[in-house]
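*Asks:* Structure in structure tokens, see below.
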Amino acid sequence: MTLFCKLVFRRGLLAGILSIGAASAPTFAATITVTNANDLGTGSLRQAMLDATAGDTIHFNFNYPATIHLDSQLTVNKDLSIIGPGAQNLVLDGTVQFPLVWVNSGSTASISGLLLTLGRGGIVNQGTLTASDMVITDSYTHNDPGGGIINVGVLTLNTSRLSGNKTDTKGGAIYNGDGATLTVNGSTFSGANRASDDGGGLANFGSATINNSTFSGNVAAGNHPRGGAIFNFGTLAVTNSTFVGNVSSGPGGALFNNGPATLIASTFTNNAAAPGDNGDAFYNFDTITVSRTIVTTGCSGPGTLASMGDNIGGCFGDSLVLNDRNLDPLLAVLADNGGPTQTQALQAGSPALDEVRVNSATCSGTDQRGVARPSGVRCDIGAVEMDFDHIFHNGFE
Numbered sequence: 057m058t059l060f061c062k063l064v065f066r067r068g069l070l071a072g073i074l075s076i077g078a079a080s081a082p083t084f085a086a087t088i089t090v091t092n093a094n095d096l097g098t099g100s101l102r103q104a105m106l107d108a109t110a111g112d113t114i115h116f117n118f119n120y121p122a123t124i125h126l127d128s129q130l131t132v133n134k135d136l137s138i139i140g141p142g143a144q145n146l147v148l149d150g151t152v153q154f155p156l157v158w159v160n161s162g163s164t165a166s167i168s169g170l171l172l173t174l175g176r177g178g179i180v181n182q183g184t185l186t187a188s189d190m191v192i193t194d195s196y197t198h199n200d201p202g203g204g205i206i207n208v209g210v211l212t213l214n215t216s217r218l219s220g221n222k223t224d225t226k227g228g229a230i231y232n233g234d235g236a237t238l239t240v241n242g243s244t245f246s247g248a249n250r251a252s253d254d255g256g257g258l259a260n261f262g263s264a265t266i267n268n269s270t271f272s273g274n275v276a277a278g279n280h281p282r283g284g285a286i287f288n289f290g291t292l293a294v295t296n297s298t299f300v301g302n303v304s305s306g307p308g309g310a311l312f313n314n315g316p317a318t319l320i321a322s323t324f325t326n327n328a329a330a331p332g333d334n335g336d337a338f339y340n341f342d343t344i345t346v347s348r349t350i351v352t353t354g355c356s357g358p359g360t361l362a363s364m365g366d367n368i369g370g371c372f373g374d375s376l377v378l379n380d381r382n383l384d385p386l387l388a389v390l391a392d393n394g395g396p397t398q399t400q401a402l403q404a405g406s407p408a409l410d411e412v413r414v415n416s417a418t419c420s421g422t423d424q425r426g427v428a429r430p431s432g433v434r435c436d437i438g439a440v441e442m443d444f445d446h447i448f449h450n451g452f453e
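In terms of the numbering used here, the sequence shown opens at residue 57 and continues consecutively.
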């Protein structure tokens with residue numbers, strides 16, 4: 057039985073077990089401190105997780121940097137918070153023979169401040185998990201989806217990085233299963249996350265919401281590759297996010313779409329699909345609704361690309377009514393421009409500067425970096441709101 061089949065079976069089994077014990081007496085939350093980097097025994101993380109009761113919090117207090125070499129997976133089977141000292145300080149590594157962390161169905165967990173590497177999947181989530189300030193790298197699944205994370209529950213991923221994760225099926229970094237819910241905030245998918253089939257960065261069969269995040273250098277290449285960054289067979293919403301340099305050796309350099317998708321205030325540039333009419337940016341079988349977005353490479357497929365206006369790129373043509381224009385957006389290279397993720401700044405003279413007109417009433421809040429919109433007369437198109445003086449764009453000194 058593969059890992060994926062096992063987790064589907066365990067989700068049903070655990071639901072029955074948890075219902076039997078639902079009437080247990082209330083307990084009071086405690087804080088447990090991990091005092092060494094051993095895999096087993098007193099003071100270890102594993103022992104702390106065994107000793108914890110529902111609602112407890114686990115902290116760490118020993119010399120850093122340190123690595124905990126795991127001999128088997130860590131299982132979260134209760135409501136639990138694990139607060140690490142920072143991904144730069146503490147590593148959990150395995151032998152690519154087992155998932156590093158498994159969150160059982162019915163458990164609500166939060167995990168932060170750890171680097172997970174060399175797992176057969178870094179995390180398997182069947183419950184409700186919030187993962188923050190995490191790094192998940194160089195994990196691999198064979199005959200199972202989700203090189204970095206398999207999610208069949210509810211997962212929120214905050215300010216984290218997934219890189220170098222691989223699968224020979226779907227979802228190089230994350231597989232989001234049928235009926236699952238994924239929310240990604242301020243995170244980075246980079247460093248050649250790779251899938252042999254669908255979704256070098258993410259394969260989504262449930263509901264996925266991507267905010268303020270960057271997908272760069274993800275790859276779908278192998279048997280039936282589709283979607284270098286994202287393969288969507290569910291419901292997808294992307295806001296304030298950057299997709300650059302993603303590659304598919306099949307259709308959909310950045311996005312292969314076969315479900316309802318919405319793209320708002322995002323930037324797609326220099327993505328590449330297989331030669332021919334395969335959609336370097338998008339290959340679409342369903343409906344993609346797009347507004348305030350930059351797309352510098354081609355779109356293809358029999359689906360509908362529904363412009364809500366204020367877009368730049370060849371996918372949209374020229375429309376005075378919608379303020380869509382096929383122009384060079386004059387983007388700088390991907391770089392640290394502030395905020396938790398790298399972005400592509402608009403250069404002076406960019407036609408995206410101060411050009412949100414059709415959607416001006418709904419343009420507010422912040423850009424991908426957290427910079428307030430608008431910073432000029434109107435909002436800028438794309439993921440980044442420039443906060444320099446737009447003199448030259450306005451045509452006078």
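Here a beta-carbon is modelled for each residue, glycine too, at the ideal position from N, C-alpha and C.
Just the C-alpha distance for ALA236 and GLY301, rounded to the nearest angstrom, thanks.
*Replies:* One C-alpha to the other measures close to 28 angstroms.
*Asks:* Measuring only the C-alpha atoms, how far is GLY220 from THR197?
*Replies:* Distance between the alpha carbons of GLY220 and THR197: 12 angstroms.
*Asks:* Report the residue from ALA285, GLY278 and ASN267 whose alpha carbon sits nearest the alpha carbon of ALA229.
*Replies:* Minimum Cα distance to ALA229 is reached at ALA285.
*Asks:* According to DSSP, is LEU170 part of a helix, a strand, or is it coil?
*Replies:* In the structure shown, LEU170 sits in coil (DSSP, three-state: anything other than H, G, I, E or B).
*Asks:* Kindly list the residues whose CB is nearer than 6 angstroms to the CB of VAL191, restricted to its own chain and excluding five residues on each side of it in sequence; keep chain order.
*Replies:* ALA143, LEU171 and ARG217.
*Asks:* Considering Cα atoms alone, identify which of GLY309, THR399, PHE271 and ARG282 is closest to VAL427.
*Replies:* Comparing Cα positions, the closest option is THR399.
*Asks:* By the 10 Å Cβ neighbour count, where 16 or more other Cβ atoms means buried, how is TYR339 classified, buried or exposed?
*Replies:* The residue is buried, with at least 16 neighbouring Cβ atoms inside 10 Å.
*Asks:* Could you check the C-alpha separation between GLN498 and ASP423 for me, to the nearest Å?
*Replies:* Since the first residue of the chain shown is 57 and the last is 453, residue 498 is not available in this structure.
*Asks:* So, are the CB atoms of VAL461 and ASN181 less than 7 angstroms apart?
*Replies:* Look at the range of the chain in this structure, 57 to 453, and you will see that residue 461 is not part of it.
*Asks:* Does the contact criterion of 3 or more C-beta pairs under 8 angstroms hold for the segment 362 to 369 versus the segment 407 to 418?
*Replies:* Touching, yes.
*Asks:* Let me make sure I understand the geometry here. Which of GLY357, ALA337 and ASP342 has the alpha-carbon closest to that of ILE350?
*Replies:* Comparing Cα-Cα distances from ILE350 to each of GLY357, ALA337 and ASP342, the minimum goes to ALA337.
*Asks:* Compare the C-alpha of GLY309 against each of ASN327, THR318, THR323 and THR298 and name the closest.
*Replies:* Among ASN327, THR318, THR323 and THR298, the Cα nearest to that of GLY309 is on ASN327.
*Asks:* Tell me which residues share the same chain as SER100 and place their Cβ nearer than 7 angstroms to its Cβ, disregarding the 5 neighbours each side in the sequence.
*Replies:* Correct list, in chain order: VAL90, ASN92 and ASN94.
*Asks:* Are the beta-carbon atoms of LYS226 and ASP200 separated by less than 7 angstroms?
*Replies:* Their beta carbons are not under 7 angstroms apart, which means LYS226 does not touch ASP200 by this criterion.
*Asks:* May I have the straight-line CA-CA distance separating HIS115 from SER347, to the nearest angstrom?
*Replies:* Whole-angstrom Cα-Cα distance: 43 angstroms.
*Asks:* When the distance is taken between beta carbons, is ASP333 closer than 7 angstroms to SER356?
*Replies:* Yes; because the gap between Cβ atoms is below 7 angstroms, this pair is in contact.
*Asks:* Any idea if ALA85 is buried or exposed, counting beta-carbon neighbours within 10 angstroms, 16 or more meaning buried?
*Replies:* It counts as exposed.
*Asks:* Put ARG282 into one of helix, strand or coil per three-state DSSP.
*Replies:* Correct three-state label for ARG282: strand.
*Asks:* Between the beta-carbon of GLY183 and the beta-carbon of GLY209, is there less than 7 angstroms?
*Replies:* Closer than 7 angstroms, so yes.
*Asks:* Around the Cβ of ALA388, are there at least 16 other Cβ atoms within 10 angstroms (buried) or fewer (exposed)?
*Replies:* So ALA388 counts as exposed.
*Asks:* What residues match up with PHE324 in a beta bridge as DSSP calls it?
*Replies:* DSSP, once it has assigned bridges, lists PHE299 and VAL351 as partnering PHE324.
*Asks:* Within 10 Å of its beta-carbon, does SER420 have 16 or more other beta-carbons around it, so buried, or fewer, so exposed?
*Replies:* With fewer than 16 other Cβ atoms within 10 Å, it is exposed.
*Asks:* On the three-state DSSP scale, how would you describe LEU238?
*Replies:* Strand.
*Asks:* From which residue to which residue does the beta strand (DSSP E) around ALA391 run?
*Replies:* Here the beta strand (DSSP E) through ALA391 covers 387 to 391.
*Asks:* I want to see whether chain B comes within less than 7 angstroms of GLY370, judged by CB atoms only; does it?
*Replies:* Here there is only one protein chain, and chain B is not present.
*Asks:* Where do the ends of the alpha helix (DSSP H) carrying ASP112 lie?
*Replies:* Note, ASP112: premise wrong, no alpha helix (DSSP H); beta strand (DSSP E) at 112 to 116.
*Asks:* In terms of residues, what are the limits of the beta strand (DSSP E) holding ASP224?
*Replies:* Looking at the DSSP string, ASP224 is not in any beta strand (DSSP E), and its letter there is neither H nor E.
*Asks:* Looking at the structure shown, is ALA165 part of a helix, part of a strand, or coil, going by DSSP?
*Replies:* DSSP places ALA165 in strand when its eight states are reduced to three.
*Asks:* In terms of residue numbering, what span does the beta strand (DSSP E) encompassing ALA264 cover?
*Replies:* Run containing ALA264: 263 to 267, per the beta strand (DSSP E) assignment.
*Asks:* Going by DSSP, which residues form a beta bridge with ASP458?
*Replies:* Residue 458 lies beyond the range of the chain shown here (57 to 453); nothing can be said about it.
*Asks:* For the alpha helix (DSSP H) containing GLN424, list its first residue and its last residue.
*Replies:* That residue, GLN424, is in no alpha helix (DSSP H); it is neither H nor E in DSSP.
*Asks:* Output needed for ALA439: all residues of its chain with C-beta closer than 7 angstroms, excluding positions within five of it in sequence on either side, in chain order.
*Replies:* Around ALA439: ASN296, SER297, THR298, ALA321, SER322, THR323, THR399, ASP423 and GLN424.
*Asks:* Would you please state the rounded distance, in angstroms, between the beta carbons of ALA165 and LEU136? I believe it to be under 8 angstroms.
*Replies:* Rounded, the Cβ-Cβ distance is 5 angstroms, consistent with contact.
*Asks:* Measure the alpha-carbon distance for VAL132 versus THR244 and round it to whole angstroms.
*Replies:* When rounded, the distance between both Cα atoms is 25 angstroms.
*Asks:* Can you give me the C-alpha to C-alpha distance between GLY369 and ALA276, rounded to a whole angstrom?
*Replies:* About 24 angstroms.
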